[in-house]
Amino acid sequence: MKVTVVGAGAVGASCAEYIAMKNFCSEVVLVDIKEGFAEGKAMDLMQTASLNGFDTKITGTTGDYSKTAGSQVAVITSGIPRKPGMTREELIGINAGIVKEVTENLVKHSPEVIIIVVSNPMDTMAYLVHKTSGLPKHKIIGMGGALDSARFKYRLAEALEAPISDVDGMVIAAHSDTGMLPLLSKATRNGVPVTEFLNDEKQKYVIEETKVGGATLTKLLGTSAWYAPGAAVSVMVQAIACDQKKMIPCSLMLEGEYGQNDICLGVPAIIGKNGVESIVNVTLTADEQLKFAEAANAVREVNGDLKF
Ligand SMILES: NC(=O)c1ccc[n+]([C@@H]2O[C@H](COP(=O)([O-])OP(=O)(O)OC[C@H]3O[C@@H](n4cnc5c(N)ncnc54)[C@H](O)[C@@H]3O)[C@@H](O)[C@H]2O)c1
Ligand SMILES: O=C(O)C[C@H](O)C(=O)O
Numbered sequence: 001m002k003v004t005v006v007g008a009g010a011v012g013a014s015c016a017e018y019i020a021m022k023n024f025c026s027e028v029v030l031v032d033i034k035e036g037f038a039e040g041k042a043m044d045l046m047q048t049a050s051l052n053g054f055d056t057k058i059t060g061t062t063g064d065y066s067k068t069a070g071s072q073v074a075v076i077t078s079g080i081p082r083k084p085g086m087t088r089e090e091l092i093g094i095n096a097g098i099v100k101e102v103t104e105n106l107v108k109h110s111p112e113v114i115i116i117v118v119s120n121p122m123d124t125m126a127y128l129v130h131k132t133s134g135l136p137k138h139k140i141i142g143m144g145g146a147l148d149s150a151r152f153k154y155r156l157a158e159a160l161e162a163p164i165s166d167v168d169g170m171v172i173a174a175h176s177d178t179g180m181l182p183l184l185s186k187a188t189r190n191g192v193p194v195t196e197f198l199n200d201e202k203q204k205y206v207i208e209e210t211k212v213g214g215a216t217l218t219k220l221l222g223t224s225a226w227y228a229p230g231a232a233v234s235v236m237v238q239a240i241a242c243d244q245k246k247m248i249p250c251s252l253m254l255e256g257e258y259g260q261n262d263i264c265l266g267v268p269a270i271i272g273k274n275g276v277e278s279i280v281n282v283t284l285t286a287d288e289q290l291k292f293a294e295a296a297n298a299v300r301e302v303n304g305d306l307k308f
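Residue numbers for the sequence shown follow full-length UniProt numbering, beginning at 1 and rising by one.
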């Protein structure tokens, strides 16, 4: 499988590295706008191949999309990241233009491509790709839930004082500081609801720390995170490449599911060779339904700032 990653910055390079290390792709093409940057990252990564034992060929290009032709999957990470104190939504002014232009270039050279959208504000950028790419809806997947769920599991393991392999859980709704919905009611430790182990204070801690997971790292790093985002994308690319039919929460165009229409929001989905194989309808509590609807209202407002 040939995969293109647009944006050879922190997330793009990390994602290319994880994909290569897992050795399931024949080729990864990195694209960046900064002269020589993608070529340099590709060369540096290729020089880890003999050390890390992978055969994936990684190449780089400065904006030559003919090199991406025939990609089955493309990941859009191009755009600016937030700085401490900013919200993801504040990035829309710069990132919308970048994501639109990149999408047009990708589809021109790979009309059958499946696009994974990473650039922020991600739910709105995924919506923009739907409105501008002409691709069918099962081929556009926003990455947020996979990362947020990994952070949820990290916080659950911390609160439970348990190994992460013992815990399971999922985050849906918006990829934003306020609109994330960690499904505590469904989270388990080896099949036992975590609510049986955690008191109210610990439950609240896990939920709040999960929601601001990206902001916490941005404050510590001075820019946003890249290892877990890169790993989350690689899991999604592998689910497509290997037709795993894995259930992963992703930001998808909703047409009636979860009571929403004409919006991209995080919902559990089965991911396989066609991209989105199906959306999974999970029964939410009344409180979760309310929070999901509130998150949708907030994302809809941000989408209103888009110009097509
Ligand atoms: N959805 C998520 O969960 C998630 C997670 C982490 C980061 N992000 C977002 O991903 C984006 C990238 O973050 P980063 O930390 O990698 O930033 P970064 O600055 O390290 O890398 C971005 C790269 O995009 C390139 N770029 C800009 N315009 C381009 C264009 N038109 N064509 C090709 N390349 C272009 C830049 O030159 C840069 O190398 C940000 O918007 C960030 O908010 C999203
Ligand atoms: O927090 C950010 O701005 C980047 C990304 O969305 C993340 O969650 O790490």
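Positions of the beta carbon are idealized from the N, C-alpha and C atoms, including for glycine. Computed from a prediction, not measured in an experiment: that's the story for all the values here.
Between the Cα of residue i and those of the options, spot the shortest distance and give me the residue it belongs to.
| i | options | result |
| --- | --- | --- |
| Leu198 | Lys57, Gly179, Lys246 and Ala162 | Ala162 |
| Ala8 | Gly230, Gln260, Gly272 and Val267 | Gly230 |
| Gly12 | Phe24, Val28 and Asn23 | Val28 |
| Met170 | Gly256, Val267, Gly60 and Ala16 | Val267 |
| Asp243 | Ile271, Thr87, Glu89 and Thr48 | Ile271 |
| Tyr65 | Gly36, Glu255 and Thr4 | Thr4 |
| Glu35 | Leu160, Val107, Lys204 and Thr62 | Thr62 |
| Glu158 | Thr77, Tyr205, Ala296 and Gly134 | Tyr205 |
| Leu156 | Ala295, Val194 and Lys211 | Val194 |
| Asp44 | Gly60, Ile33 and Asp32 | Gly60 |
| Asn23 | Ile279, Asn281, Val235 and Leu135 | Val235 |
| Lys246 | Pro136, Ile279, Leu30 and Ser165 | Ile279 |
| Ile240 | Ile116, Ser165 and Thr216 | Ile116 |
| Glu288 | Glu255, Arg300, Thr77 and Ile207 | Ile207 |
| Val282 | Lys211, Phe308, Lys186 and Glu89 | Lys186 |
| Val102 | Pro136, Thr77 and Ile19 | Thr77 |
By Cβ distance below 7 Å, which residues in the same chain neighbour residue i in space, the five residues on each side in sequence not counted?
| i | result |
| --- | --- |
| Asn95 | Gly79, Ile80, Ser119, Asn120 and Met125 |
| Tyr227 | Ser14 |
| Ile92 | Pro121, Thr124, Val302 and Asp305 |
| Leu147 | Ala228, Pro229 and Ala232 |
| Arg300 | Ile263 |
| Ala42 | Leu30, Ile58, Thr59 and Gly60 |
| Ile164 | Lys153, Tyr154 and Ala157 |
Going along the chain, which residues of its own chain have a beta-carbon closer than 8 Å to the beta-carbon of residue i, five neighbours each way excluded?
| i | result |
| --- | --- |
| Lys83 | Thr218, Gly222 and Thr223 |
| Met46 | Lys57 and Ile58 |
| Leu160 | Asp166, Val167, Arg189, Val194, Phe197 and Leu198 |
| Glu257 | Val267, Ile279 and Asn281 |
| Glu90 | Arg82 |
| Tyr18 | Gly230, Ala231, Val233 and Ser234 |
Taking a contact to mean a Cβ-Cβ separation below 8 Å, would you say residue i touches residue j in this structure?
| i | j | result |
| --- | --- | --- |
| residue 335 | Ala174 | Residue 335 lies beyond the range of the chain shown here (1 to 308); nothing can be said about it. |
| Leu184 | Ile172 | no |
| Val276 | Val73 | no |
| Thr56 | Ser26 | yes |
| Val6 | Val233 | no |
| Cys250 | Met122 | no |
| Ala269 | Ser176 | no |
| Gly145 | Ile248 | yes |
| Leu51 | Leu306 | no |
| Arg138 | Asn274 | For the sequence presented, residue 138 should be read as His rather than Arg. Yes, the Cβ-Cβ distance between His138 and Asn274 is below 8 Å. |
| Phe54 | Met21 | yes |
| Thr132 | Glu104 | yes |
| Gly179 | Ala295 | yes |
| Gly85 | Val107 | no |
| Ala286 | Gly259 | no |
| Leu30 | Ala10 | no |
Excluding five sequence neighbours on each side, which residues of the same chain lie with their C-beta closer than 6 Å to the C-beta of residue i?
| i | result |
| --- | --- |
| His130 | Ile140 and Met253 |
| Asn303 | Thr124 and Tyr127 |
| Asp168 | Thr188 |
| Ala215 | Asp177 |
| Asp166 | Arg189 and Asn190 |
| Glu209 | Arg155 |
| Phe308 | Lys131 |
| Phe37 | Ala8 |
With 8 Å set as the bound, which would you pick, yes or no: does the beta-carbon of residue i sit closer than that to a beta-carbon of chain B?
| i | result |
| --- | --- |
| Lys139 | The structure shown contains no chain B; it holds only a single protein chain. |
Between the segment 214-225 and the segment 110-118, do three or more beta carbon pairs fall short of 8 Å?
no
State whether the segment 90-109 contacts the segment 143-153, with contact taken as three or more CB pairs (one from each stretch) at a distance under 8 Å.
no
Segments of 4+ residues assigned as alpha helix (DSSP H) that fall wholly inside the segment 123-178:
145-160
Counting Cβ pairs, one atom from each stretch, are 3 or more of them under 8 Å apart for the segment 58-70 and the segment 199-208?
no
Go through the UniProt domain "Lactate/malate dehydrogenase N-terminal" (1-142) residue by residue and report every complete run of the beta strand (DSSP E) that reaches 3 residues or more, in order.
2-6, 27-32, 57-62, 73-76, 114-117 and 140-142
Would you mind listing the beta strand (DSSP E) stretches within the segment 238-274 that are 3+ residues and don't spill past its ends, in chain order?
246-255 and 261-272
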